[in-house]
Amino acid sequence: MQTCLITGGAGFIGSNLIKRLLDDNYRVICLDNLLTGDEKNIEEFRNRDNFQFIKQDVIKDFELKDKIDYIFHFASPASPVDYQNYPIETLLVNSVGTKNCLDLAVQNNAVVMFASTSEVYGDPKVHPQTETYWGNVNPNGVRSCYDEAKRFGESIVTVYQRKFKLITKIIRIFNTYGPKMQKDDGRVISNFVNQAIRNKAITVNGRGEQTRSFCFVDDLVDGIMKIMFSKKTDNQVINLGNPDEYTIFDIARKIIKLTNSKSKIVFNPLPADDPQRRKPNISKVKGLVGWNPKISLQEGLLKTIEYFKSIK
Ligand code: NAD
Ligand code: UDP
């Protein structure tokens, strides 16, 4: 049986990924300091023989007894509210934390996947975004603690791949949503759904004309599995997201409709450096492993609404 280490496994994407890995018969070690994650997300795995949780900060030194075959480095605050609350932690987990994971990979001859982000494209001037685009990032703006940390992460992963002949995979994840998102992470889907099911005002930033493309977490996990366990994606940088593009105002209206909410829409100022448009070009992942997201926004939102109602 092969062993996977997941940093950030008690978070939203990590915990959804653990379920899939356990179901596919991998041994899973989850390393998380619970900064933005929650032990409740991994409670359901506690009694499974192949699962182990270690409360650990990946920035600090750590040693593992077991031989590791695959490392998924997913630890990092991820929502704009979280990473602006924890800017230093964000910089360090994607730099020092990534280096620690890479050193462990060298010792174990393990394959490493680094969870990068569409934020490396900043406020993009190329639309949709392809992997060959270098981005338009403000190096010292309010988002830079995240954007530049992920860009550093991509750089150190690539340096280790060249210097130590490690097998690496960099995935640039675009906005993802679904069950096990934190209720209060300030992201647009979690905010709007929780506001709508309580009939509270829906807080649209700016005029709501900015766009995003939202991927349901089950589709994302499917893409992560295909990329990690295929030789065709070795040492590649790959966009992962759903290319269906919506304005934030459309999202507000859709969520009000799907929840039968009495909420009204209010308009707040647009935060600094908020990207105007975002949509992945996913030809590369389609060509390499045949991945294509299958879950429509409506289906994914209904599942997410059901989840947030269940934990209300
Ligand atoms: P999340 O906040 O739910 O999960 C991150 C997890 O990392 C949390 O459990 C947190 O406690 C843990 N963590 C943070 N710092 C740590 C440290 N120093 N040591 C150990 N654990 C630490 O976020 P998420 O949405 O699940 O994001 C997971 C990864 O995917 C992140 O790297 C994020 O940058 C990336 N990503 C997510 C999205 C998205 O839309 N959700 C988009 C792009 C990239
Ligand atoms: N947004 C909004 N209202 C909210 C939260 C977010 O209008 O309550 C907007 C935000 O300004 C951005 C988009 O929704 O334009 C997506 O924000 P999110 O924080 O989910 O992720 P981002 O893609 O900006 O990292």
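Just so you know, we're using my numbering here: the sequence shown kicks off at -6 and counts up by one.
Note that beta-carbon positions come from the ideal geometry of N, C-alpha and C, so glycine has one too.
Since the structure is predicted, the reported quantities are computational estimates derived from the model, not experimental observations.
Legend entry - For PRO73, the three-state DSSP class (helix, strand or coil): If you number the sequence shown from 1, residue 73 lands on position 80. When secondary structure is reduced to three states using DSSP, PRO73 falls in the helix class.
Inset, instruction - Tell me whether GLY30 is buried or exposed, calling it buried when 16 or more other Cβ atoms sit within 10 Å of its Cβ. - result: As a working note, residue 30 is residue 37 in the sequence shown. Its Cβ being crowded by 16 or more others within 10 Å, GLY30 is buried.
Inset, instruction - Starting from ALA108, follow the beta strand (DSSP E) in both directions and report where the run begins and ends. - result: What you label residue 108 is simply residue 115 of the sequence shown in a count that begins at 1. Segment 104 to 110, the beta strand (DSSP E) holding ALA108.
Inset, instruction - May I ask whether a heavy atom of the ligand NAD can be found less than 8 angstroms away from the beta carbon of ASN51? - result: As a working mapping, residue 51 is identified with position 58 in the sequence shown. Before going further, note that residue 51 is Val rather than Asn in the sequence given. Under cutoff, so the answer is yes.
Legend entry - Which listed residue (ASP116, GLY128, LYS305) has its alpha carbon closest to that of ASN187: Against the sequence shown, residue 187 aligns to sequence position 194. The option with the nearest alpha carbon to ASN187 is LYS305.
Legend entry - Length-filtered (4 minimum) alpha helix (DSSP H) runs lying within the region 197 to 229: Positions of the alpha helix (DSSP H) runs, each at least 4 residues long and wholly inside the region 197 to 229, are given as 210 to 221 in order along the chain.
Inset, instruction - Compute the beta-carbon to beta-carbon distance between THR204 and ARG271, rounded to the nearest angstrom, for a pair I have assumed lies under 8 angstroms. - result: Stepping through the sequence shown from its first residue, residue 204 is reached at position 211. Stepping through the sequence shown from its first residue, residue 271 is reached at position 278. That pair is a contact at about 6 angstroms.
Inset, instruction - Would you mind reading off the limits of the beta strand (DSSP E) that contains ASN261? - result: Taking the sequence shown and counting its residues from 1, the one referred to as residue 261 is at position 268. Taken as a continuous stretch (DSSP letters only), the beta strand (DSSP E) holding ASN261 covers 258 to 261.
Inset, instruction - Could you tell me the boundaries of the beta strand (DSSP E) in which TYR300 lies? - result: Counting from 1 along the sequence shown, the entry for residue 300 is found at position 307. For TYR300, there is no enclosing beta strand (DSSP E); the residue is found in the alpha helix (DSSP H) stretching over 290 to 303.
Inset, instruction - Inspect the beta-carbon positions of ASN315 and LEU294 and report whether they are closer than 9 angstroms. - result: The question about residue 315 has no answer here: the residues shown for the chain are numbered -6 through 305.
Inset, instruction - Helix, strand or coil for PHE46, going by three-state DSSP, please let me know. - result: The residue labelled residue 46 in the question sits at position 53 within the sequence shown. If DSSP states are grouped into helix, strand and coil, PHE46 belongs with the strands.
Inset, instruction - Could you tell me which residues DSSP pairs with GLU238 in its beta bridges? - result: The count along the sequence shown starts at 1 and reaches residue 238 at position 245. Paired residue(s): SER206.
Legend entry - ASP153 - partner residues in DSSP beta bridges: Counting from 1 along the sequence shown, the entry for residue 153 is found at position 160. Per the sequence shown, residue 153 should be read as Tyr rather than Asp. Answer by DSSP bridge pairing: none, since TYR153 is not bridged.
Inset, instruction - Determine the burial state of PRO117: buried for a count of at least 16 other Cβ atoms within 10 Å of its Cβ, exposed for fewer. - result: Here residue 117 is taken as the residue at index 124 of the sequence shown, counted from 1. A residue is called buried once 16 or more other Cβ atoms fall within 10 Å of its Cβ, and PRO117 is buried on that count.
Inset, instruction - Compute the distance between the beta-carbons of GLY199 and ASN261, then report whether it is under 9 angstroms. - result: Here residue 199 corresponds to residue number 206 of the sequence shown, with the count starting at 1. Here residue 261 corresponds to residue number 268 of the sequence shown, with the count starting at 1. Their beta carbons are under 9 angstroms apart, which means GLY199 touches ASN261 by this criterion.
Legend entry - Contact set for ASN34: own chain, Cβ-Cβ below 6 angstroms, skip 5 residues either direction: Locating residue 34 in the sequence shown gives position 41, where the first residue counts as 1. Its chain contains ALA3, SER8, LYS173 as the residues whose beta carbon lies nearer than 6 angstroms to that of ASN34, once the 5 sequence neighbours on both sides are disregarded; these appear in chain order.
Inset, instruction - Just mark PHE55 as buried or exposed, buried being the case when its beta carbon has 16 or more other beta carbons within 10 Å. - result: Locating residue 55 in the sequence shown gives position 62, where the first residue counts as 1. With a 10 Å radius around the Cβ and a threshold of 16 neighbouring Cβ atoms, PHE55 comes out exposed.
Legend entry - Own chain residues within Cβ distance below 8 angstroms of GLN(-5), not counting five before or after: The residue you call residue -5 lines up with position 2 of the sequence shown. Closer than 8 angstroms at Cβ, skipping near neighbours: TYR19, ARG20, ASP62, TYR63.
Inset, instruction - Evaluate the contact criterion for the region 251 to 269 versus the region 219 to 228: three or more CB pairs, one atom per stretch, below 8 angstroms. - result: No contact exists between the region 251 to 269 and the region 219 to 228.
Inset, instruction - Check whether the Cβ of PHE157 lies closer than 8 angstroms to any heavy atom of the ligand PLP, and answer yes or no. - result: Absence of the ligand PLP from the depicted structure is noted, with the ligand NAD and the ligand UDP being the only ligands included.
Inset, instruction - Using alpha carbons as the reference points, say which of VAL282, ARG165, GLU292, ASN26 lies closest to PHE107. - result: Along the sequence shown, read from residue 1 onward, the residue named residue 107 stands at position 114. Residue nearest to PHE107 within the set VAL282, ARG165, GLU292, ASN26 is ARG165 (criterion: CA-CA distance).
Legend entry - Nearest candidate by alpha-carbon position, reference ILE22, set ASN43, ASP212, THR161, ARG136: In the sequence shown, counting from the first residue as 1, residue 22 sits at position 29. Among ASN43, ASP212, THR161, ARG136, the Cα nearest to that of ILE22 is on ASN43.
Legend entry - Rounded straight-line distance, which links the Cα of THR240 to that of ILE195: Along the sequence shown, one-based indexing puts residue 195 at 202. Along the sequence shown, one-based indexing puts residue 240 at 247. Rounded to whole angstroms, ILE195 to THR240 spans 14 angstroms at the Cα level.
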